[in-house]
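In our numbering, the protein residues as written are -17 to 124.
Backbone N, C-alpha and C define an ideal beta-carbon position, used for all residues, glycine too.
Note that the structure is predicted; figures quoted are calculated from it, not measured.
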(Lines of atoms letter the chains of each structure in order from A and count residues from 1; the text may use other names and numbers.)
(Lines give C-alpha, C1' and ligand atoms only; values in the text may rest on other atoms or scores of the structure.)
Protein backbone atom coordinates (compact mmCIF):
# COMPACT_ATOMS: atom_id res chain seq x y z
CA UNK A 1 0.00 0.00 0.00
CA UNK A 2 1.32 3.37 -0.96
CA UNK A 3 1.50 5.82 1.93
CA UNK A 4 1.11 3.19 4.65
CA UNK A 5 3.67 3.66 7.37
CA UNK A 6 4.79 0.79 9.51
CA UNK A 7 5.91 1.29 13.06
CA UNK A 8 9.67 1.23 13.59
CA UNK A 9 11.03 -2.00 14.99
CA UNK A 10 11.81 -2.23 18.68
CA UNK A 11 15.48 -2.77 17.82
CA UNK A 12 15.50 0.50 15.89
CA UNK A 13 13.79 2.33 18.75
CA UNK A 14 16.24 0.92 21.33
CA UNK A 15 19.14 2.06 19.13
CA UNK A 16 17.61 5.55 18.84
CA UNK A 17 17.37 5.80 22.63
CA UNK A 18 20.92 4.50 23.04
CA UNK A 19 22.34 7.05 20.60
CA UNK A 20 20.51 10.03 22.08
CA UNK A 21 21.45 9.02 25.63
CA UNK A 22 25.10 8.60 24.61
CA UNK A 23 25.10 12.00 22.90
CA UNK A 24 23.65 13.72 25.97
CA UNK A 25 25.96 11.79 28.28
CA UNK A 26 29.02 12.74 26.21
CA UNK A 27 28.08 16.41 26.51
CA UNK A 28 27.37 16.06 30.22
CA UNK A 29 30.73 14.43 31.12
CA UNK A 30 32.89 16.38 28.66
CA UNK A 31 33.63 19.15 31.21
CA UNK A 32 34.98 16.44 33.55
CA UNK A 33 37.40 15.41 30.79
CA UNK A 34 35.94 11.98 30.07
CA UNK A 35 33.76 10.34 27.44
CA UNK A 36 30.48 8.49 27.86
CA UNK A 37 32.34 5.19 27.40
CA UNK A 38 34.82 6.12 30.13
CA UNK A 39 31.93 7.19 32.35
CA UNK A 40 30.26 3.81 31.79
CA UNK A 41 33.43 1.95 32.76
CA UNK A 42 33.80 4.06 35.92
CA UNK A 43 30.19 3.36 36.93
CA UNK A 44 30.72 -0.37 36.37
CA UNK A 45 33.72 -0.22 38.72
CA UNK A 46 31.67 1.80 41.20
CA UNK A 47 29.20 -1.10 41.38
CA UNK A 48 31.76 -3.95 41.08
CA UNK A 49 35.26 -2.77 41.96
CA UNK A 50 38.27 -4.91 41.15
CA UNK A 51 37.37 -6.41 37.79
CA UNK A 52 39.68 -7.87 35.19
CA UNK A 53 40.00 -5.90 31.97
CA UNK A 54 38.06 -8.60 30.12
CA UNK A 55 35.15 -8.48 32.57
CA UNK A 56 35.16 -4.68 32.60
CA UNK A 57 35.08 -4.67 28.79
CA UNK A 58 32.09 -7.04 28.74
CA UNK A 59 30.21 -5.07 31.39
CA UNK A 60 31.01 -1.75 29.66
CA UNK A 61 29.99 -2.97 26.18
CA UNK A 62 33.38 -2.44 24.50
CA UNK A 63 36.04 -4.67 22.97
CA UNK A 64 39.04 -5.81 24.97
CA UNK A 65 41.33 -3.62 22.81
CA UNK A 66 39.13 -0.56 23.37
CA UNK A 67 39.11 -1.30 27.09
CA UNK A 68 42.92 -1.49 27.20
CA UNK A 69 43.14 2.01 25.69
CA UNK A 70 40.33 3.29 27.91
CA UNK A 71 41.94 1.94 31.10
CA UNK A 72 45.32 3.45 30.16
CA UNK A 73 43.64 6.82 29.72
CA UNK A 74 41.71 6.58 33.00
CA UNK A 75 44.81 5.37 34.83
CA UNK A 76 46.91 8.28 33.51
CA UNK A 77 44.28 10.64 34.95
CA UNK A 78 44.39 8.84 38.31
CA UNK A 79 40.75 7.71 38.07
CA UNK A 80 41.54 3.99 38.19
CA UNK A 81 44.49 1.88 39.28
CA UNK A 82 45.62 -1.64 38.45
CA UNK A 83 46.90 -4.19 40.90
CA UNK A 84 47.72 -7.89 40.81
CA UNK A 85 44.93 -10.29 41.64
CA UNK A 86 46.03 -12.03 44.86
CA UNK A 87 44.32 -15.25 43.67
CA UNK A 88 45.86 -15.17 40.19
CA UNK A 89 49.13 -13.22 40.11
CA UNK A 90 49.11 -13.11 36.28
CA UNK A 91 45.86 -11.14 36.25
CA UNK A 92 45.57 -7.41 36.85
CA UNK A 93 42.45 -6.06 38.53
CA UNK A 94 41.15 -2.58 37.79
CA UNK A 95 40.02 -0.53 40.76
CA UNK A 96 38.32 2.82 41.08
CA UNK A 97 40.41 5.45 42.89
CA UNK A 98 39.14 8.14 45.24
CA UNK A 99 39.58 10.63 42.37
CA UNK A 100 37.38 8.40 40.20
CA UNK A 101 34.72 8.28 42.90
CA UNK A 102 34.88 12.06 43.27
CA UNK A 103 34.45 12.53 39.51
CA UNK A 104 31.38 10.27 39.53
CA UNK A 105 29.93 12.11 42.52
CA UNK A 106 30.49 15.39 40.72
CA UNK A 107 28.37 14.40 37.72
CA UNK A 108 25.82 12.25 39.58
CA UNK A 109 23.21 15.00 39.84
CA UNK A 110 23.36 15.82 36.14
CA UNK A 111 23.20 12.15 35.19
CA UNK A 112 20.18 11.69 37.46
CA UNK A 113 18.52 14.72 35.80
CA UNK A 114 19.15 13.19 32.36
CA UNK A 115 17.57 9.91 33.44
CA UNK A 116 14.63 11.75 34.99
CA UNK A 117 14.18 13.73 31.77
CA UNK A 118 14.13 10.49 29.79
CA UNK A 119 11.23 9.08 31.83
CA UNK A 120 9.45 12.28 32.85
CA UNK A 121 6.33 11.46 30.83
CA UNK A 122 6.00 8.07 32.51
CA UNK A 123 4.18 7.41 35.75
CA UNK A 124 6.19 5.79 38.55
CA UNK A 125 4.48 2.49 37.71
CA UNK A 126 5.31 2.84 34.00
CA UNK A 127 8.90 3.68 34.85
CA UNK A 128 9.19 0.51 36.94
CA UNK A 129 7.58 -1.53 34.14
CA UNK A 130 10.03 0.03 31.66
CA UNK A 131 12.97 -0.90 33.90
CA UNK A 132 11.68 -4.47 34.25
CA UNK A 133 11.01 -4.79 30.51
CA UNK A 134 14.54 -3.61 29.68
CA UNK A 135 15.96 -6.11 32.17
CA UNK A 136 13.90 -8.95 30.69
CA UNK A 137 14.92 -7.98 27.14
CA UNK A 138 18.58 -7.97 28.16
CA UNK A 139 18.30 -11.37 29.87
CA UNK A 140 16.51 -12.86 26.86
CA UNK A 141 19.42 -11.95 24.61
CA UNK A 142 22.31 -12.61 27.01
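Inset, instruction - With a threshold of 16 other CB atoms inside 10 Å of the CB of residue -5, please say whether the residue is buried or exposed. - result: In summary, residue -5 is exposed, with fewer than 16 beta-carbon neighbours lying within 10 Å of its beta-carbon over all protein chains present.
Inset, instruction - Tell me whether residue 62 sits in a helix, a strand or coil according to DSSP, three-state version. - result: DSSP places residue 62 in strand when its eight states are reduced to three.
Legend entry - Beta-carbon contacts of residue 31 that lie in its chain and below 7 Å, excluding the five residues immediately before and after: Non-local C-beta neighbours of residue 31 in its own chain, meaning closer than 7 Å and more than five positions away in sequence, comprise 77, 78, ordered along the chain.
Legend entry - residue 64 beta carbon less than 9 Å from that of residue 75: Yes, the pair counts as a contact, with Cβ atoms nearer than the cut-off.
Inset, instruction - Below 7 Å CB to CB, which residues in the same chain sit around residue 62 once its five sequence neighbours on both sides are set aside? - result: These residues qualify, in order along the chain: 27, 53, 56, 76, 77, 78, 79, 82.
Inset, instruction - Find out if the Cβ-Cβ distance for the pair residue 96, residue 19 is shorter than 9 Å. - result: In this structure, residue 19 does not lie closer than 9 Å to residue 96 by Cβ.
Inset, instruction - Would you grab the beta carbon distance between residue 14 and residue 85 for me? Rounded to a whole angstrom, and I think it's under 8 Å. - result: Sure, about 6 Å apart at Cβ, within 8 Å.
Inset, instruction - Kindly list the residues whose CB is nearer than 6 Å to the CB of residue 67, restricted to its own chain and excluding five residues on each side of it in sequence; keep chain order. - result: Excluding sequence neighbours, residue 67 sits near 73, 75.
Legend entry - Delimiting residues of the alpha helix (DSSP H) encompassing residue 113: Start and end: 106 to 123.
Legend entry - Presumed contact (8 Å Cβ cut-off) between residue 10 and residue 89, rounded CB distance: Yes, residue 10 and residue 89 are in contact; Cβ-Cβ is about 6 Å, under 8 Å.
Legend entry - Between the CA atoms of residue 115 and residue 94 - distance to the nearest angstrom: C-alpha separation (whole angstroms): 20 Å.
Legend entry - Extent of the continuous beta strand (DSSP E) run through residue 72: 70 to 78 is the extent of the beta strand (DSSP E) around residue 72.
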